[in-house]
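Here is the structure we will look at.
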Amino acid sequence: MKKKLVATISIIICIFLSGCGILSISVDKDGKEENQTPGRNIVIGFSQLGAESDWRSANTESMKTTFTKAEGYEFIFEDGQQKQANQITAIRKFIQQEVDYIVLAPVTETGWDTVLQEAKNAGIPVIIVDRMIDVDDDSLFTCWVGSNFELEGKKATKWLERYVEINEIKHKDIHIVNIQGTIGASAQIGRTKALRDAADANGWDLIAEVPGDFTQAKAREQMSSLLEQYDNINVVYCENDNEAFGAIEAIEAAGKVVGNNITEGEIMIISFDGVNENAIEFVKNGKIACIAECNPLHGPRVQAIIELLEIGGSPDKLSYVEELFFSADRTVTQLSIDERNYGVVIP
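Be aware that the sequence shown starts at 2, since it is given in the numbering used here, and climbs by one per residue.
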């Protein structure tokens with residue numbers, strides 16, 4: 002009789018407390034109490050490196066719209082403001098908060114070993130998105146989701162090779178400046194390597210490489226300086242769309258023409274990302290010769306990984322996203338843009 006009374010009271014407590022979302026107390030067949038927390042949201046701590054570009058904004062939005070309370074998540078967002086120290090502080094904060102998963106979009110590749118060891122010691126899986134990390138022990142992170150940045154660069158340089166051949170231009174007459182992204186970032190490393198390799202292989206004149214930090218303002222400043230130093234530039238390799246916008250502004254302010262007819266004195270722009278709809282329009286009207294797409298929609302892919310981990314599965318260590326290529330000699334329809342479900346318009 003006493004055991005039955007205890008069981009009845011426990012069931013009442015279970016109904017009351019679980020309705021408040023605090024605690025559930027169930028009773029097994031022997032009348033013993035078992036503590037549970039049904040319906041608890043999965044807690045995600047996301048350290049974003051910053052908001053330096055339209056691509057970054059789209060990437061953040063993808064994460065925020067994926068990990069919602071309606072989907073069973075608690076999402077904690079920290080903006081690193083382009084500083085690794087801020088991201089390391091955020092990760093340590095996530096560890097103190099005992100989040101279930103840490104998602105990191107690293108500002109640079111190196112310098113993560115110590116803090117990720119702390120996360121591993123705490124038993125918190127770490128998922129890397131976008132840029133790669135370089136650590137001595139790759140067990141410090143569970144997996145990575147992002148783009149093959151060197152492949153993106155190879156797509157762009159292959160297009161330039163084809164352009165040169167079709168227009169019967171001598172390779173030595175290609176004079177390129179590279180406005181790089183944030184130095185040390187995976188995207189910068191991969192895209193820069195692809196250009197250097199292609200320039201060496203084809204005999205292109207790679208005049209200069211300067212950092213643009215993936216921002217429009219810095220690229221405009223750097224392009225203005227380059228135009229003052231060199232009078233033979235005919236190709237500008239911009240490592241994202243925002244840099245391309247800045248370079249175009251500087252070129253036009255200098256009284257020069259942006260376009261694909263370099264044999265007629267125009268300056269060609271090559272770009273990456275394709276997130277901003279204005280960039281796609283620039284491809285259509287000839288202001289940008291080609292864009293190697295960089296897909297920012299990582300949220301659903303990270304969610305799929307977490308769901309797999311929740312049931313004890315083992316995701317692939319590296320997961321590359323699928324990406325397109327837009328060029329001046331290929332039709333880019335509005336339908337294909339709409340189907341991607343992202344795009345940012347600059348007012």
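No residue lacks a Cβ here, since even glycine has one placed at the ideal position from N, Cα and C.
Everything numeric in this text was worked out from a predicted model, so none of it was measured.
* Asked: So, is R163 buried or exposed, given that buried needs 16 or more other C-beta atoms within 10 angstroms?
  -> exposed
* Which residue's Cα is closest to the Cα of I252: F76, G112 and I289? -> The residue with the shortest Cα to Cα distance from I252 is I289.
* What is the DSSP secondary structure of N279, reduced to helix, strand or coil? -> helix
* **Burial state of Y231 (16 or more Cβ within 10 Å)** => Exposed, by the Cβ-count rule.
* Asked: Is it true that the CB of Q88 sits closer than 8 Å to the CB of P107?
  -> yes
* Neighbourhood of T183 by C-beta, 8 Å cutoff - its chain only, sequence neighbours within 5 removed -> E53, Q83, V108, T109, Q189, P212, D214 and F215
* Using a Cβ-Cβ cut-off of 6 Å (strictly less than) and excluding sequence neighbours within five positions of T332, which residues of its own chain qualify? -> Confidence at T332 is low in this model, with a pLDDT of 48, below 50, so its placement is unreliable and the value that follows should be read with caution. Counting only Cβ-Cβ distances below 6 Å, and skipping sequence neighbours, we find nothing.
* Option nearest Q217 by Cα separation, candidates A248, A195 and L161 -> A248
* Use the C-beta contact count for S148: other C-beta atoms within 10 angstroms, 16 or more gives buried, fewer gives exposed. => buried
* Asked: Below 8 Å between beta carbons: does that hold for F326 and E294?
  -> yes
* If we ignore side chains and look at the alpha-carbon of each, how far apart do S272 and Q304 end up? -> Taking the straight line joining both Cα atoms gives about 29 Å.
* Asked: What is the DSSP secondary structure of D101, reduced to helix, strand or coil?
  -> coil
* Asked: Taking C-beta to C-beta, are I1 and C239 nearer than 8 Å?
  -> Any question about residue 1 goes unanswered here, given that the chain covers just 2 to 348.
* To do: At 3 residues or longer, and completely inside the region 92 to 170: list those beta strand (DSSP E) runs for me, N to C.
  => 102 to 105, 127 to 130 and 144 to 147
* Check whether the region 116 to 129 touches the region 57 to 66, counting contact only when three or more Cβ pairs, one atom from each stretch, lie closer than 8 Å. => no
* Take V44 and list the residues in its own chain whose beta-carbon comes closer than 6 Å to its own, dropping the five residues that flank it on each side. => Cβ within range, chain order: E75, V100 and D101.
* **C-alpha gap between D131 and T67, whole angstroms** => C-alpha separation (whole angstroms): 16 Å.
* To do: Sort R41, K285 and E323 by Cα distance to R302 and report the nearest one.
  => Nearest C-alpha to R302: E323.
* Given 8 Å, three or more beta-carbon pairs between the region 186 to 202 and the region 149 to 160 -> yes
* To do: Mark K284 as exposed unless 16 or more other C-beta atoms lie within 10 angstroms of its C-beta, in which case mark it buried.
  => Looking at the sequence itself, residue 284 is Val, so the reference to Lys does not match. Buried, by the Cβ-count rule.
* Asked: What are the start and end residues of the alpha helix (DSSP H) that includes E229?
  -> Q217 to Q230
* Write down the C-beta distance between L207 and N179 rounded to the nearest angstrom, noting that I regard them as a contact closer than 8 Å. => 7 Å
* On the three-state DSSP scale, how would you describe G46? -> strand
* Local Cβ density within 10 Å of N122, reported as buried at 16 or more and exposed below that -> Taking every protein chain shown into account, the CB of N122 has fewer than 16 other CB atoms within 10 angstroms, so this residue is exposed.
* Asked: Apart from the five residues just before and just after K219, which ones in its own chain have a Cβ nearer than 8 Å to its Cβ?
  -> Taking K219 as the centre and dropping the five residues before and after it, the same chain places the C-beta of P212, G213, E244 and G247 closer than 8 Å to its C-beta, in chain order.
* **Cα-Cα separation, V287 to N261** => It should be noted that the sequence gives Gly, not Val, for residue 287. C-alpha of G287 to C-alpha of N261: approximately 6 Å in a straight line.
* To do: State the start and end residues of the unbroken alpha helix (DSSP H) segment that holds S187.
  => S187 to N203
* Asked: For S272, does the three-state DSSP call read helix, strand or coil?
  -> Residue state, collapsed to three classes: strand.
* Output the boundary residues of the alpha helix (DSSP H) element that contains S58. => For S58, the uninterrupted alpha helix (DSSP H) segment begins and ends at D55 to T67.
* Asked: For V211, which beta-bridge partners are listed by DSSP?
  -> In the DSSP secondary-structure assignment, V211 is bridged to I180.
* Asked: Does DSSP put A293 in a helix, in a strand, or in coil?
  -> strand
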